[in-house]
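Trainee: Got a structure here, written out as structure tokens. Questions coming.
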Amino acid sequence: MKYAPIIISVYDRLDHLKKCIESLQKNELACYSELYVISDAAYKEEHIPLIDAVRTYINGITGFKKVYPVFRERNMGGNQSIRLAYQNILQIYDSFISLEDDIVVSSDFLQYMNTALEFYKNDERIFSICGFKAPFLLPKDYKGDVYFYPCNSPWGIATWKDRWESVNHDYFDRYSELKKDSEKYKAFTSIGFYIKGILQADSRKKIVAGDLRVYYHMFQHNMCSVFPVVSKTQNWGFDGTGEHCGNKEVWWAKPELDTRNQPTKFIPFNGYNEELLLNHRKFQDKINGGLIAKWLKYTWVHRLWKKIKKVLA
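Each position in the sequence shown, counted from 1, maps to that position plus 1455 in our numbering.
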């Protein structure tokens, strides 16, 4: 089997990066895998010592077939830096495995990813292989090792050159495009009301939501991702140190990792399990505020309340 390269993006979080690398080193396939560590340059002078410490650590990483440090000479921002890395690496490889520095993986993560990349490579309906399984309830009669979901998760992801390069990663007003067709907009937001806020923020240029742009592409082309029924990854970034995760610990970001050490039985995609999709949707709505937030958040009522709070503050 040809093993996909591993790509990790990092800024100044040395402790997170160490956890990520140490978990990867416990994988049997680590010694057969090439590792690219993408280190963005400091955007504040006071960050320079932190970046230097991260790069010193990167230069000492062992346990992989080869380690390629990629040190940016100027700050590009996380999104632009990793996009350039993917672009360059896909000139050499047909697929890749990507992690952010705050992701910890199971000991069979690389086996799972590489086997799945091989199994699904010719099925163009599959956009990506994901490692994170949110702790929502699976249907009682669900017996598979994996399931299919019409979105992706960046918390440990693998994909192929042709899939990645088919996405329009640049800005355009996706919100306005979707709102032209109410049924299409309803279908797009059916994965959870939280996606409305990300869609609006990206379309208004308040954030650069790369994962949202990938999901938009998947939605337009009826694509899905493969997920494990027991999580292969955890996210340790909800501690105020990252760009998007905030500083409030959340119980669901660190589900128990898969310790079974048994081969994953992959299955062809023959449609979705509707009960599973419903359970996932309910879980997403619950962790994002519940019923009240579902009907009021991202509406004029919510915007008015935010303005009132700002004035009162």
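Heads up, the beta-carbon is just placed ideally off N, CA and C, and yes, glycines get one too.
Since the structure is predicted, the reported quantities are computational estimates derived from the model, not experimental observations.
Among Ile1552, Asn1577, Lys1641, which residue has its Cα nearest to the Cα of glycine 1611?
Mentor: The shortest C-alpha separation from glycine 1611 is found at Ile1552.
Trainee: Is it the case that the Cβ atoms of cysteine 1679 and phenylalanine 1724 are separated by a distance below 8 Å?
Mentor: Yes.
Trainee: Am I right that leucine 1479 and valine 1560 are in contact with their C-beta atoms under 8 Å? What's the rounded C-beta distance?
Mentor: Rounded, the Cβ-Cβ distance is 6 Å, consistent with contact.
Trainee: Can you tell me where the alpha helix (DSSP H) with alanine 1613 in it begins and where it stops?
Mentor: Taken as a continuous stretch (DSSP letters only), alanine 1613 belongs to no alpha helix (DSSP H), being part of the beta strand (DSSP E) at 1612-1615.
Trainee: Consult DSSP for valine 1685 and reduce its assignment to one of helix, strand or coil.
Mentor: Coil.
Trainee: Would you mind stating whether leucine 1554 and tyrosine 1512 have Cβ atoms separated by less than 8 Å?
Mentor: For leucine 1554 and tyrosine 1512, no; Cβs fall outside 8 Å.
Trainee: Kindly say whether valine 1465, judged by its beta-carbon, lies nearer than 8 Å to any beta-carbon of chain C.
Mentor: Although the question refers to chain C, the structure presented lacks it and comprises just one protein chain.
Trainee: Taking the straight line between their C-alpha atoms, what separation do you get for phenylalanine 1564 and glycine 1586?
Mentor: Going by the C-alpha atoms only, they are around 7 Å apart.
Trainee: In or out: isoleucine 1547 buried (at least 16 other Cβ within 10 Å) or exposed?
Mentor: Answer is exposed; the Cβ neighbour count stays below 16.
Trainee: Could you tell me the boundaries of the alpha helix (DSSP H) in which leucine 1445 lies?
Mentor: A question about residue 1445 goes unanswered here, because the residues of the chain that appear run from 1456 up to 1768.
Trainee: Determine the direct distance from the alpha carbon of alanine 1485 to that of tyrosine 1466, and round the result to whole angstroms.
Mentor: Taking the straight line joining both Cα atoms gives about 23 Å.
Trainee: Check each candidate in Leu1539, Arg1659, Asp1578, Tyr1597 and name the one with the smallest Cα separation from aspartate 1617.
Mentor: Checked all of Leu1539, Arg1659, Asp1578, Tyr1597; the closest Cα to aspartate 1617 is Asp1578.
Trainee: Among the candidates Asp1628, His1676, Met1673, whose CA atom is the shortest distance from the CA of leucine 1654?
Mentor: Closest by alpha carbon: Asp1628.
Trainee: Can you tell me the Cβ-Cβ gap for valine 1684 and aspartate 1600, rounded? I've got them flagged as a contact below 8 Å.
Mentor: Between aspartate 1600 and valine 1684 the Cβ distance is about 6 Å, and since that is below 8 Å, they are a contact.
Trainee: Give the straight-line distance between the Cα atoms of glycine 1647 and isoleucine 1584, rounded to the nearest whole angstrom.
Mentor: Answer to the nearest angstrom: the Cα atoms are 20 Å apart.
Trainee: For phenylalanine 1721 versus valine 1705, is the C-beta distance shorter than 8 Å?
Mentor: For phenylalanine 1721 and valine 1705, no; Cβs fall outside 8 Å.
Trainee: Where does tryptophan 1619 land, buried or exposed, given buried means 16+ other C-beta within 10 angstroms?
Mentor: Its Cβ being crowded by 16 or more others within 10 Å, tryptophan 1619 is buried.
Trainee: With valine 1601 as the anchor, note down where its beta strand (DSSP E) starts and where it stops.
Mentor: Per DSSP, valine 1601 belongs to the beta strand (DSSP E) from 1601-1604.
Trainee: Using the beta-carbon count (16 or more within 10 Å), is proline 1609 buried or exposed?
Mentor: Proline 1609 is buried by the Cβ-count criterion.
Trainee: Is proline 1605 near the ligand FAD, in the sense that its beta carbon is under 7 Å from a heavy atom of that ligand?
Mentor: Looking for the ligand FAD in the displayed structure turns up nothing, as the structure carries no ligands at all.
Trainee: Below 6 Å CB to CB, which residues in the same chain sit around leucine 1592 once its five sequence neighbours on both sides are set aside?
Mentor: Excluding positions up to five away in sequence, the list reads Asn1734.
Trainee: Using 8 Å as the threshold, is the C-beta distance between phenylalanine 1526 and serine 1488 below it?
Mentor: No, the Cβ-Cβ distance between phenylalanine 1526 and serine 1488 is not below 8 Å.
Trainee: Can you list, in chain order, the residues of its chain with a C-beta nearer than 7 Å to that of valine 1509? Leave out the 5 residues immediately preceding and following it.
Mentor: Once the five neighbours on either side are set aside, the close Cβ partners of valine 1509 are Val1465, Asp1467, Leu1469, Leu1472, Ser1494.
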